[in-house]
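Only one structure is covered here, and it is reproduced in the block below.
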Amino acid sequence: MAKIIVITSGKGGVGKTTTCASLGTGLALRGYKTVMIDFDVGLRNLDLMLGCERRVVYDLINVIQGEASLHQALIRDKRADDLFLLPASQTRDKDALTLEGVEQVLQALTLDFDYILCDSPAGIERGAQLAMYFADEAILVTNPEISSVRDTDRVIGLLQAKTQAAKNGGKVAEHLLLTRYNTQRVVEGEMLSLEDVQDILAVPLVGVIPESESILKASNQGVPVIHETTAAASIAYQDAVSRLLGEECPLKFVEPEKQGFFSRMFGGRK
Amino acid sequence: MADAAQPRLNLVTLPLKLRGTSLPATLLQPMTAQVPVLIKALEKRLQEGSALLGKAPLVIELGHLQEAFDLAGFQSECERLNIRLLAVRSSDPQQQTLAKQLGLMALNTQERPANAANQEELARTQVHEGTVRSGQQIIQDKGDLVILGGVNPGAEVLASGQIHIYGPLRGRALAGIHGDRQARIFTLQLAAELVAIAGSYQTNFNGDSQAGEGAVTIWLEKERLLYRQLTPAG
Ligand SMILES: Nc1ncnc2c1ncn2[C@@H]1O[C@H](COP(=O)(O)OP(=O)(O)OP(=O)(O)O)[C@@H](O)[C@H]1O
Ligand SMILES: [Mg+2]
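Residue numbers (our numbering), protein chains in the order written: chain R, 86 to 355; chain G, 5 to 238.
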């Protein structure tokens, strides 16, 4: 039985898809058979982040409507053997995504995989609710700013009310993933600190990903940043994978960088 | 009621109010089923100027009588004497039906009607486990509300009675929503978007920076919301 994890946020553009690609890759590289489902109908982009956009033939909605088998629609990642993608449809109507259809697809996948990652669209409407409905766990991708924290808070409310787990009297396990964290801007008071965010959300932390140039580069090249093993963002995502698997590891990249003697002497340039 | 100069939140407009109550009535327990004997005794009491019979409505209890009782005959005699027969108390279904046919109320011996009415009004306390999230609203329409967690920005908690928040209040809290001016709000940390008691409200209620630190209680005094710290500042 696969574990179903939704990557969600409420607010758009905070780094859900980036996170999904790296966590999926990280789990697969550790030998867990992992499939990522792109729920963002109309805005397919998980395939771009994985660099497999040219190999997309069938999508999630084709499978739901019986026009293609799961086997035909799944794309195997070219870097991680145990990673698969079920792409979103760019052209179909969002309403073609039904709760029953999603349930059937998940039930079929759950037999063959260890992890199913659902990349949620932004917002709190139908699409986001479908992506979270069957989840066992949720990764709440949040930026250190008030509007993002507020939207995440709202999504937690939905997780606690509008999911199958909640309706059966259970609970979706929540994990906070704080990303685009810039310690310098926290020190300067331009961003919320980790403590500020945790104080409001009160959700266990699965990772803090620093704001990083390498993420931009990686997504432009269609390579999840976690592959760039020495980059800070990659290390932070590797640690998040470990914590997701229940391992304990200390937080990195949350203290402001110690300024060297020279930069102290000559002042940090902004 | 409200000071016109003060902002008021018109939260609930009620066309009427229902209250459980017990009004005085006289209970007659006949020791005999013979109506003429009863009437003679009643006439005697009236002559003596019994206040119990003259002013309050009469309820007759029939449960313990063995013989049949001529309720219709008794009713018309009461009318003649200007005694207001209101209800029959009996557990016998036949007597209850008869009473209703005669336009009287049929009260059951077991149920105390005053209690039943009170129970409907009984205030309860609702306990909510966990933080109230943005977009969520928790309402306790009749009674107090206890939140075991914070109230986040964009969340709203309402109660007809008191509100206790075992966490920071960062959203909106409205106590005494049906007009209870005695209602209070308690919170471990005050940084509210809005606080209201019995319709008097204030936005951005975070006290001064010092008092907002610890636990506070908020109450209404002369249309103004006041607060005080519950624990000495650290
Ligand atoms: N840690 C980071 N540092 C710098 N840039 C980042 C970081 N994380 C994400 N980004 C950038 O932010 C942008 C949005 O990321 P992404 O597409 O993953 O967000 P999303 O939440 O999936 O958006 P949407 O809501 O549209 O689906 C991308 O350009 C990505 O490269
Ligand atoms: Mg996305």
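Note that beta-carbon positions come from the ideal geometry of N, C-alpha and C, so glycine has one too. Nothing here was measured: the structure is a model prediction, and the numbers come from that model.
- Query: Taking the continuous alpha helix (DSSP H) assigned at L57(G), which residues delimit it?
  - Reply: A55 to G58
- Is G158(G) close to chain R, meaning its C-beta is less than 8 Å from at least one C-beta of that chain? yes
- Message: Are there any heavy atoms of ligand 2 lying less than 7 Å away from the beta-carbon of N228(R), as far as the coordinates show?
- Response: no
- Item | Residues that DSSP places opposite T237(R) in a beta bridge | Answer is none; T237(R) lacks a bridge partner.
- Query: Quick one: does I224(R) have its CB under 8 Å from some CB of chain B?
  - Reply: Included in the structure are the protein chains R and G, with no chain B among them.
- Message: Using a 10 Å radius around the Cβ and a threshold of 16 neighbouring Cβ atoms, would you call S54(G) buried or exposed?
- Response: Classification of S54(G): exposed, given that the 10 Å Cβ count is below 16.
- Query: So, is the C-beta of G97(R) closer than 8 Å to a C-beta in chain G?
  - Reply: no
- Query: Given a limit of 9 Å on CB to CB distance, which residues of the region 132-155 of chain G reach chain R?
  - Reply: G134, T135, V136, R137, S138, G139, Q140, G153 and G154
- DSSP three-state assignment for T103(R), whether helix, strand or coil: helix
- Item | Residues in the region 282-301 of chain R having any Cβ partner in chain G nearer than 7 Å | I285 and A287
- Query: Would I146(R) count as contacting chain G if we go by Cβ distances under 8 Å?
  - Reply: no
- Message: For a test of the three-state rule: what should DSSP assign to D324(R), helix, strand or coil?
- Response: helix
- Whole beta strand (DSSP E) elements within the region 208-234 of chain R, 3-residue minimum: 222-227
- Item | Reference L279(R), options V234(R), V308(R) and V326(R), closest by Cα | For the residues V234(R), V308(R) and V326(R), the minimum Cα distance to L279(R) belongs to V234(R).
- Cβ of I90(R) within 8 Å of any chain G Cβ: no
- Item | Cβ shell of A121(G) (< 6 Å), same chain only, five flanking positions each side left out | Its pLDDT being 43, under 50, A121(G) is placed unreliably by the model, and the measurement read from it follows with that caveat. Hits under 6 Å: G24.
- Using three-state DSSP, classify V131(G) as helix, strand or coil. In the structure shown, V131(G) sits in a strand (DSSP, three-state: E or B).
- Message: Taking 8 Å as the threshold (beta carbon to beta carbon), is D180(R) in contact with chain G?
- Response: no
- Message: On the DSSP bridge list, what partners appear for Y117(R)?
- Response: DSSP lists no partner for Y117(R).
- Query: Can you find at least 3 beta carbon pairs, one from the region 183-200 of chain G and one from the region 160-170 of chain G, that sit closer than 8 Å?
  - Reply: yes
- Where I241(R) meets chain G, residues with beta-carbon distance less than 7 Å: R137
- Residues of chain G with a CB under 9 Å from the CB of D324(R): which are they? Chain G residues near D324(R): none, gap ~26 Å exceeds 9 Å.
- Message: My assumption, with CB atoms under 8 Å, is that L131(R) sits in contact with L170(R). Please give the rounded CB distance.
- Response: 6 Å
- 4 or more residues per run - each alpha helix (DSSP H) lying fully within the region 165-199 of chain R: 184-197
- Item | Inter-residue spacing [alpha-carbon to alpha-carbon] between G77(G) and V92(G) | 14 Å
- Message: Below 7 Å on C-beta distance, what does R235(R) contact in chain G?
- Response: Neighbours of R235(R) on chain G, chain order: S138, P157 and G158.
- Task: Grab the span of the alpha helix (DSSP H) containing E83(G) for me, first residue to last.
- Result: L75 to L85
- Message: I need the DSSP call for N122(G), collapsed to helix, strand or coil.
- Response: With a pLDDT of 44 at N122(G), under the threshold of 50, the predicted position of this residue should be treated as unreliable, though the coordinate-derived value follows. Reduced to three states, the DSSP call for N122(G) is helix.
- C-beta neighbour in chain G for D221(R), strict 8 Å: No, because no Cβ of chain G sits closer than 8 Å to the Cβ of D221(R).
- Query: Since D148(G) is in the beta strand (DSSP E), which residue starts that stretch and which ends it?
  - Reply: G147 to L152
- Indicate whether the contact test is met: 3 or more Cβ pairs, each with one atom in the region 120-136 of chain R and one in the region 244-257 of chain R, closer than 8 Å. no
- Task: In the DSSP assignment, find the alpha helix (DSSP H) that holds I300(R) and state where it starts and stops.
- Result: E298 to Q306
- Task: Round the Cβ separation of V126(R) and I201(R) to the nearest angstrom and send it over; I've been treating them as touching at under 8 Å.
- Result: A Cβ-Cβ distance of about 17 Å is found for the pair V126(R) and I201(R), leaving them out of contact under the 8 Å criterion.
- Does DSSP classify V312(R) as helix, strand or coil? As written in the sequence, residue 312(R) is His, which differs from the Val given in the question. The answer is helix: DSSP assigns H312(R) an H, G or I state.
- Task: From the DSSP output, in three-state form, read off G352(R) for me.
- Result: Bear in mind that the predicted position of G352(R) carries a pLDDT of just 43, short of 50, making it unreliable; the figure below should be weighed with that in mind. In the three-state scheme derived from DSSP, where H, G and I count as helix and E and B as strand, G352(R) is classed as coil.
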